[in-house]
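Undergrad: Residue numbers (the numbering used here): 1112 to 1805.
Once you've had a glance at the structure underneath, I'll fire off some questions.
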Amino acid sequence: MMWGEMRMKRESYRRQRKRKKWLKYTTFTAVAAVFAIVAGLIALRVYAQIAGAPPLTVPKASVFLDNNGNRIGDYYSAERRYWVELDEISPYLIDATVAVEDKDFYEHNGFDYSRIASAVLTDLKTQSMAEGASTISMQLARNLYLTFDKTWARKIQEALYAYRLEVFYSKEEILEGYLNTVNYGHGMYGIEAGSRYYFGKSASELTLAESALLAGIPKGPSIYSPINNYEKAMNRQAVILGLMDKQKYISAEEKSRANSEEIVLKNEQWTATKSISPYFLDVAWQEATKILEKENLNIREGGWSIKTTLNQAHQIAVDDAIEKNMPDSDLQVGFVSMDVETGQVTALVGGRDYEGSSFNRVTQAVRQPGSSIKPFLYAAALEKGFSPLTFLDVGETIFTYDNGRATYKPQNVNGQFADSQMSLAQAIAISDNIYAVKTLEEIGYDSYRDVLERFNLNFSDANNPSIALGTTENSLFDLTKAYNTIANGGKETKPTTILEIKNADGEVVYEYKKPKTEQVISEENAFLLTDMMTGIFDPVFSDYSPATGVSLRPRMTHTYAAKSGTTVSDQWLVGYTPSVTAGVWNGYDQGKTLSVQQDMAASKQVWIDFMEAINKGKPNETFEPPKGVEKVLIDIETGKLATESCPKQRMVYVKAEDIPKEKCSSFEFFDEDSWKDFLDLFPFEAFKGMFNNN
């Protein structure tokens, strides 16, 4: 009995000791946990104080201006944003956002612990990061400072940033930041951009129905955009209206009216208002980026005011010309115009539909220029002693090259050939291919390549006679720039799209200064090329084929110099006045053969419409010859001085030393020399005097 009592007492003692030990351990653990939490909170607060207030700023728009300072667009490195104050946003949108994204937003300190616990349990069960528990504060932190990777590390950073936001900013400031940074799809970031894009109105004007629709998009911009999936967007709108009713933001009657309201989307209208030369703006953005990099500035900071070279009258003229003349097909277009003296780009179109394809067919595409390369071949020929009156036999010819191992038989566009010799002036006017290849053979490949290199055009190292006919690919931008150099008297004009850049404070950080020019070819040779290129519009040069631009002559009210180019898949026309150079390309993106006459005529029609539009009402400009170049009346068929007995006459410019000495005919009725031998048979001086021109 005694032993039993003693055993019971020992067991009771052991239980009491265990209980005391457990209580002590539990108390210690609880105290330690409390201390740890307190210490953690203190550390978090200290961290927040040391780290300071995270900035609420986002990259701002960079504004583009035309050459007269008128606003033509804005640009964002990746996201379009328009920052607005909270009181400039419809209260319906604010309430709808809180209702669907974070109903306890105004009560918590950045974390919704019940949602976090639920999300953690779900993620542990699924062993994924599928379940989100982000508050508006956490989402703002992610939008401003973090990536969208689904990792625990990012979640922890998000929480830390959210806490700092809650410490240093009011709920209204956090909500304003969120609404100005959240993604509403289609590149629209922030409620103002989203409201303008979908409804063509400011965020302050949004109705309840519109607000509920927009508030549903951020959960999945590609899924709940009413443009991508109208039905899903409207279903989510109904869910949000239900939440707003349940949370007492709206009444049941307001909910019913909003559910029945017709939604009218105006994104097409928004797109139309933002389409002032988008291809030009891309080029200007790229150039501005490089300019600012040289100044150790980052264009992605935003807030830049960029004054460009765009001439809106020129841009409207080419847009109208393309709209009028492009056929209803997949035929593409590229167009660029430049100021002759400065190289400033005045208009640019990189394709028919920027929304469909932002690929710039002016700067990014390289194609075979065909005969539009010939002026540079003939520039080399002029340097090698050719003149506009150099005659070559242009009958059908088979050329041998590669040390006799290969042959080349060029064809003219209509398959015909001249039956006599032809001058350089006429060959360029009708784009004779035999003349071009024979010229290349006479001057040599190296001379031709040297000129192409000076004009910064691509060239081939292979000695293939076909390169005389433009088989080496170049961009329309580079080719038009090269023509612009000829138009500028042979002086290189570096193209630019930027006149001035100001920072967000209005300070000028870059101002265009006309660069030093380099004489690429002589002024005399540049003028001779220009004068010969006016011949493409003159029917006097027509032979087995008409002058290549003669169909445009009835529409011409000004003097133009130009050259066309044709390949099986490309049409080109590049030309200029003394003030403006313009280049047009037409073709298919996949190199489809041009076979329809409407496709093949588009480039010429676009070009002449543009030129006539920008010169309408202006006095005609003529190309002024430099010293050392003189005009002479020439017989086209012989290249000799014209007389009345030679009908195909034209005024042609040549260097003084190249002026012909002979006349096209040895007999002229009223010329004394023509009658001299005959009159010498008669002794009557008075009779001879009848024919004296003096």
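We treat Cβ as the ideally placed atom computed from N, Cα and C, and that holds for glycine.
By a C-beta neighbour count over all protein chains shown, 10 Å radius and 16 as the cutoff for buried, is glycine 1288 buried or exposed?
TA: Under this definition glycine 1288 is a buried residue.
Undergrad: Excluding the 5 residues preceding and the 5 following tyrosine 1556 in the sequence, name in chain order all residues of the same chain whose CB lies nearer than 7 angstroms to its CB.
TA: So the qualifying residues of the chain are Asn1574.
Undergrad: Counting C-beta neighbours from all protein chains within 10 Å, is the total for phenylalanine 1789 16 or more, i.e. buried, or is it exposed?
TA: Since pLDDT at phenylalanine 1789 reaches only 43, below the 50 mark, its modelled position is unreliable, and no value is offered.
Undergrad: Is DSSP giving arginine 1761 helix, strand or coil here?
TA: The answer is strand: DSSP assigns arginine 1761 an E or B state.
Undergrad: Express the C-alpha separation of proline 1657 and threonine 1583 in angstroms, rounding to a whole number.
TA: Their Cα atoms are separated by approximately 26 angstroms.
Undergrad: Tell me which residues share the same chain as methionine 1437 and place their Cβ nearer than 7 angstroms to its Cβ, disregarding the 5 neighbours each side in the sequence.
TA: Answer for methionine 1437: Val1444, Arg1463, Ala1713, listed in chain order.
Undergrad: Helix, strand or coil for asparagine 1697, going by three-state DSSP, please let me know.
TA: It is a strand residue.
Undergrad: Are leucine 1459 and tyrosine 1390 close, meaning C-beta to C-beta below 8 angstroms?
TA: Yes, the pair counts as a contact, with Cβ atoms nearer than the cut-off.
Undergrad: Check whether the region 1319-1338 and the region 1370-1378 are in contact - that is, three or more C-beta pairs closer than 8 angstroms.
TA: Contact holds: three or more Cβ-Cβ distances are below 8 angstroms.
Undergrad: Hey, how far is the Cα of lysine 1343 from the Cα of isoleucine 1285?
TA: Distance between the alpha carbons of lysine 1343 and isoleucine 1285 is about 29 angstroms.
Undergrad: List the residues that DSSP assigns as beta-bridge partners of leucine 1459.
TA: Val1447, per the DSSP bridge assignment.
Undergrad: Could you give the distance in angstroms between the alpha-carbon of glutamine 1348 and the alpha-carbon of aspartate 1616?
TA: The straight-line gap from Cα to Cα measures roughly 41 angstroms.
Undergrad: Going by DSSP, what residue range makes up the alpha helix (DSSP H) through tyrosine 1390?
TA: Here the alpha helix (DSSP H) through tyrosine 1390 covers 1389-1405.
Undergrad: What are the residues that DSSP puts in a beta bridge with serine 1335?
TA: Sequence check: residue 1335 is tyrosine here, not serine. Answer is none; tyrosine 1335 lacks a bridge partner.
Undergrad: What does the alpha-carbon distance come out to for the pair asparagine 1595 and alanine 1314?
TA: Rounded to the nearest angstrom, the two C-alpha atoms are 47 angstroms apart.
Undergrad: Of all the options Lys1330, Phe1310, Ala1399, Ile1351, which has the alpha carbon lying nearest to the alpha carbon of valine 1620?
TA: Of the listed residues, the one whose Cα sits closest to valine 1620 is Ala1399.
Undergrad: Rank Gln1537, Thr1518, Ser1388 by C-alpha distance to the C-alpha of glutamate 1466 and give the top, closest one.
TA: Looking at the Cα atoms, Ser1388 is the closest of the given residues.
Undergrad: If we count Cβ pairs, one from each stretch, closer than 8 angstroms, do we get three or more for the region 1397-1417 versus the region 1363-1373?
TA: No, the region 1397-1417 is not in contact with the region 1363-1373.
Undergrad: Three-state secondary structure (DSSP) at tryptophan 1133?
TA: Helix at tryptophan 1133.
Undergrad: Using 10 angstroms around the beta-carbon of glycine 1454, count the other beta-carbons present and answer buried if the total reaches 16, otherwise exposed.
TA: Per the 10 Å Cβ criterion, buried.
Undergrad: Please classify tyrosine 1295 as buried or exposed, where buried requires at least 16 other C-beta atoms within 10 Å of its C-beta.
TA: Counting Cβ neighbours within 10 Å, tyrosine 1295 comes out buried, since at least 16 surround it.
Undergrad: For glycine 1515, does the count of other Cβ atoms within 10 angstroms reach 16, so buried, or fall short, so exposed?
TA: Exposed: under 16 other Cβ atoms inside 10 Å.
Undergrad: May I have a chain-ordered list of the alpha helix (DSSP H) segments no shorter than 4 residues that lie completely inside the region 1273-1355?
TA: Correct list: 1282-1290, 1302-1310, 1319-1326, 1332-1335.
Undergrad: In three-state terms, what does DSSP make of methionine 1643?
TA: If DSSP states are grouped into helix, strand and coil, methionine 1643 belongs with the helices.
Undergrad: Tell me the rounded alpha-carbon separation between lysine 1613 and tryptophan 1696.
TA: Spanning the two alpha carbons is a distance of roughly 34 angstroms.
Undergrad: Quick check on the burial criterion: 16 or more other C-beta atoms within 10 angstroms. Buried or exposed for proline 1730?
TA: Under this definition proline 1730 is an exposed residue.
Undergrad: With which residues is glutamate 1741 paired in a DSSP beta bridge?
TA: Answer is Val1765.
Undergrad: For methionine 1249, which residues in the same chain have their Cβ closer than 6 angstroms to its Cβ, ignoring the five residues on either side in sequence?
TA: The residues are Glu1269, Ala1273.
Undergrad: Taking the alpha-carbon positions, what's the aspartate 1439 to lysine 1742 distance?
TA: Whole-angstrom Cα-Cα distance: 45 angstroms.
Undergrad: Answer yes or no: do glycine 1694 and leucine 1587 have a C-beta to C-beta separation smaller than 8 angstroms?
TA: Closer than 8 angstroms, so yes.
Undergrad: If we count the other Cβ atoms within 10 Å of its Cβ and call it buried at 16 or more, is methionine 1355 buried or exposed?
TA: Per the 10 Å Cβ criterion, buried.
Undergrad: Given 8 angstroms as the limit, is there contact between the region 1666-1673 and the region 1769-1778, that is, 3 or more CB pairs closer than that?
TA: Because the criterion of three Cβ pairs below 8 angstroms is not met, the region 1666-1673 and the region 1769-1778 do not touch.
Undergrad: For lysine 1727, name the three-state secondary structure that DSSP assigns.
TA: Three-state result, lysine 1727: coil.
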